[in-house]
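Undergrad: All the letters of the sequence shown, read from the start, carry residue numbers 66 to 461 under our numbering. Every residue, glycine too, gets a C-beta built ideally from N, C-alpha and C.
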Amino acid sequence: MLNQKMYELGSRRSVIRELFEYGKKRIAEVGPDNVYDFSIGNPSVETPEAVKDTAVSLLETVKPTTKLHGYTSAQGDPSARNAIAQDLNQRFGASYTGNNLYLTCGAAASLTICLQAVIDSHSQNVQVLAPFFTEYRVFIESRGAECRVVPPALPSFGINLPALEKCLDANTAAIILNSPNNPSGVIYPEEEIKALAALLKSKSQEFGHPIYIISDEPYREIAYNGKKTPFTASFYPDTLVCYSYSKGLSLPGERIGYVLVPDTMPEWEKMYAAICGAGRSLGFICAPALWQHVITKCAPLTSDLSIYAKNRDLLLNGLTEIGYTCVPPDGAFYLFVKALEEDAVSFCERAKQFDLLLVPSDDFGCPGYVRIAYCVSGDMITRSMPAFRKLFESYK
Ligand code: PLP
Numbered sequence: 066m067l068n069q070k071m072y073e074l075g076s077r078r079s080v081i082r083e084l085f086e087y088g089k090k091r092i093a094e095v096g097p098d099n100v101y102d103f104s105i106g107n108p109s110v111e112t113p114e115a116v117k118d119t120a121v122s123l124l125e126t127v128k129p130t131t132k133l134h135g136y137t138s139a140q141g142d143p144s145a146r147n148a149i150a151q152d153l154n155q156r157f158g159a160s161y162t163g164n165n166l167y168l169t170c171g172a173a174a175s176l177t178i179c180l181q182a183v184i185d186s187h188s189q190n191v192q193v194l195a196p197f198f199t200e201y202r203v204f205i206e207s208r209g210a211e212c213r214v215v216p217p218a219l220p221s222f223g224i225n226l227p228a229l230e231k232c233l234d235a236n237t238a239a240i241i242l243n244s245p246n247n248p249s250g251v252i253y254p255e256e257e258i259k260a261l262a263a264l265l266k267s268k269s270q271e272f273g274h275p276i277y278i279i280s281d282e283p284y285r286e287i288a289y290n291g292k293k294t295p296f297t298a299s300f301y302p303d304t305l306v307c308y309s310y311s312k313g314l315s316l317p318g319e320r321i322g323y324v325l326v327p328d329t330m331p332e333w334e335k336m337y338a339a340i341c342g343a344g345r346s347l348g349f350i351c352a353p354a355l356w357q358h359v360i361t362k363c364a365p366l367t368s369d370l371s372i373y374a375k376n377r378d379l380l381l382n383g384l385t386e387i388g389y390t391c392v393p394p395d396g397a398f399y400l401f402v403k404a405l406e407e408d409a410v411s412f413c414e415r416a417k418q419f420d421l422l423l424v425p426s427d428d429f430g431c432p433g434y435v436r437i438a439y440c441v442s443g444d445m446i447t448r449s450m451p452a453f454r455k456l457f458e459s460y461k
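#1: Note down, in chain order, each residue of its chain lying with its Cβ closer than 6 angstroms to the Cβ of Leu84, except the 5 sequence neighbours on either side.
#2: Do you know how far the Cα of Glu319 is from the Cα of Glu114?
#3: Using a 10 Å radius around the Cβ and a threshold of 16 neighbouring Cβ atoms, would you call Val424 buried or exposed?
#4: Of all the options Thr137, Ala174, Pro227 and Gly223, which has the alpha carbon lying nearest to the alpha carbon of Val203?
#5: Ala260 and Leu226 look like a contact to me (Cβ under 8 angstroms); what is the Cβ gap, rounded to whole Å?
#6: Around the Cβ of Asn246, are there at least 16 other Cβ atoms within 10 angstroms (buried) or fewer (exposed)?
#7: Suppose contacts are defined by Cβ-Cβ distances below 9 angstroms. Is Pro196 in contact with Cys431 by that definition?
#8: For a test of the three-state rule: what should DSSP assign to Cys212, helix, strand or coil?
#9: Quick check on the burial criterion: 16 or more other C-beta atoms within 10 angstroms. Buried or exposed for Pro217?
#10: Sort Ala354, Leu314, Arg213 and Ser459 by Cα distance to Ile387 and report the nearest one.
#11: From the DSSP output, in three-state form, read off Val193 for me.
#12: If I follow the unbroken alpha helix (DSSP H) through Gly141, where does it start and stop?
#13: What alpha helix (DSSP H) runs, 4 residues minimum, are completely inside the stretch 408 to 447?
#14: By Cβ distance, which residues of its chain are closer than 7 angstroms to Ala364, with the 5 residues on each side in sequence left out?
#15: Going by DSSP, name the residue or residues bridged to Asp234.
#16: Give every residue of the same chain whose Cβ lies closer than 6 angstroms to the Cβ of Arg285, excluding the five residues on either side of it in the sequence, and list them in chain order.
#17: Could you check the C-alpha separation between Asp427 and Ala172 for me, to the nearest Å?
#18: Could you tell me which residues DSSP puts in a beta bridge with Leu305?
#19: Buried or exposed, going by whether 16 or more other CB atoms sit within 10 Å of the CB of Leu123?
#20: By the 10 Å Cβ neighbour count, where 16 or more other Cβ atoms means buried, how is Arg77 classified, buried or exposed?
#21: Short check: CB of Ala238 to CB of Gln189, under 9 angstroms?
#22: For chain E, find out if any of its Cβ atoms is closer than 9 angstroms to the Cβ of Ser309; answer yes or no.
#23: In the DSSP assignment, find the unbroken alpha helix (DSSP H) run with Leu84 in it and report its ends.
#24: I think Ala354 touches His134, with their Cβ atoms under 8 angstroms apart; what is that distance to the nearest whole Å?
#25: Does the ligand PLP have even one heavy atom less than 8 angstroms from the beta-carbon of Pro353?
#26: Just verifying my parser: in three-state terms, what is the DSSP assignment at Asn243?
#27: Does the distance between the C-beta of Phe222 and the nearest non-hydrogen atom of the ligand PLP fall short of 8 angstroms?
#28: I'd like to know if the stretch 374 to 392 and the stretch 400 to 417 are in contact, where contact means that at least 3 CB-CB pairs between them fall below 8 angstroms.
#29: Which residue from Arg454, Asn236 and Ala93 puts its Cα closest to that of Ala210?
#30: In whole angstroms, what is the alpha-carbon distance linking Tyr72 and Ile81?
#31: Compute the Euclidean distance between the alpha carbons of Val410 and Pro283, then round it to the nearest angstrom.
#32: I'd like the list of long-range same chain contacts for Ser536, defined as Cβ closer than 8 angstroms, with 5 residues on each side in sequence excluded.
#33: What are the uninterrupted segments assigned as alpha helix (DSSP H) that are 4 or more residues long and contained completely in the stretch 156 to 205, given in chain order?
#34: Consult DSSP for Ala298 and reduce its assignment to one of helix, strand or coil.
#35: Can you tell me whether Asp281 is buried or exposed? The criterion is at least 16 other CB atoms within 10 Å of its CB, across all chains shown.
#36: Pop quiz: Cys307 and Ile350 are said to be a contact at Cβ under 8 angstroms. What is the actual Cβ separation, rounded to whole angstroms?
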């Protein structure tokens, strides 16, 4: 017998993957300069030289090599965990140690581990704030919980507290917060995080159990115009932080990230044990060892993020000038744009006629928009502008 749900998940690609594959096919037909693939969040900025040098030096100098390639502790090598704790302490004035960290294969693994650790019965629900990273629904529903979608506050795309309050109940295990947000690019301001923390604190008291925030932060360092991403764990003690080096350090294929269980969380040691148990039950133990050792030396680094800032301005200014309505991104590398017809899927189909590959927002829980991933070359953005203009004019 087959698990029908898993069969369905595996036989139907995500819209993003579907477009990405279509793009490859189209490039083979018309050449790479004639396809404008804005579908996927694969960083276009090189990882820093120091990361490459560290990996090479480890490979060349560590003997015996079993020290480099061998299993680490299930929760990660202590020196990697300590280095990350030190980096977090420096960034956020905290006092974490390696004991607060569990290393993972990227943010996706961090999220499934956290969900596994906090969902304890099939009648529970987890709230996601639209627009949201499409995989949240898969991760939540695969644990048997209900994924409840909270609409955004418009026009800011901020946190819609009254709508969230209506969705919370005694069976709410957690809410997932993603800032800077994929796909809107919004960074939730500190006042909104504080108001959210106050609401969750009062609801946790009312229901007699904590409602956790699972804070998904793979884009934390990618912020524009002097903005900084508020660190949710500083405002709400019952926060689990999911991080990865996929975006800020341009290492998505290496699968390295972590869960932080802050020491400010009441009974954090119990939660840490549950995170270890969840990692164990999912088989997510011992994150890739070479990359743990690289992170030990490179945790504070980021790629040259100023390149995304230039791309952001180029795309935002270009599309606004043509007449598109865009949400100005505070961070991440996505532009959220109003589709020129009600049905974003059909808008994206028309965009394909101009070899523009855009992602419709339906699966992000916020129909009527498209996501444009601008982690591409600035040159491609410039070359794509006539196609965007033709698409716009086709609606006149
Ligand atoms: N969370 C968000 C919001 C993302 O955009 C992504 C990837 O694009 C992930 C999690 C998964 O990240 P990772 O590749 O580190 O697993």
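TA: Reading off the structure:
#1: Within the same chain, Cβ atoms closer than 6 angstroms to the Cβ of Leu84 are found at Ser104 and Leu422, the five residues on either side in sequence being excluded.
#2: 16 angstroms
#3: Result: buried.
#4: Checked all of Thr137, Ala174, Pro227 and Gly223; the closest Cα to Val203 is Ala174.
#5: 6 angstroms
#6: buried
#7: yes
#8: Strand.
#9: Pro217 is buried by the Cβ-count criterion.
#10: Ser459
#11: Three-state DSSP puts Val193 in a strand.
#12: Looking at the DSSP string, Gly141 is not in any alpha helix (DSSP H), and its letter there is neither H nor E.
#13: 409 to 417
#14: The beta carbon of Ala364 sits closer than 7 angstroms to those of Ala148, Ile149 and Asp152, all from its chain and outside the five residues before and after it, given in chain order.
#15: Partner(s): none; Asp234 has no beta bridge.
#16: The answer, listed in chain order, is Thr294.
#17: 22 angstroms
#18: Paired residues: Ile279.
#19: Classification for Leu123: buried.
#20: Classification of Arg77: exposed, given that the 10 Å Cβ count is below 16.
#21: yes
#22: Of the chains in the structure shown, none is chain E; there is only one protein chain.
#23: Val80 to Val95
#24: For Ala354 against His134, the beta-carbon gap comes to about 6 angstroms, under 8 angstroms, which counts as contact.
#25: no
#26: strand
#27: no
#28: yes
#29: Asn236
#30: 19 angstroms
#31: 27 angstroms
#32: With the chain covering only 66 through 461, there is no way to say anything about residue 536.
#33: 171 to 183
#34: helix
#35: Answer is buried; the Cβ neighbour count reaches 16.
#36: Contact doesn't hold; Cβ gap of about 17 angstroms is too wide.
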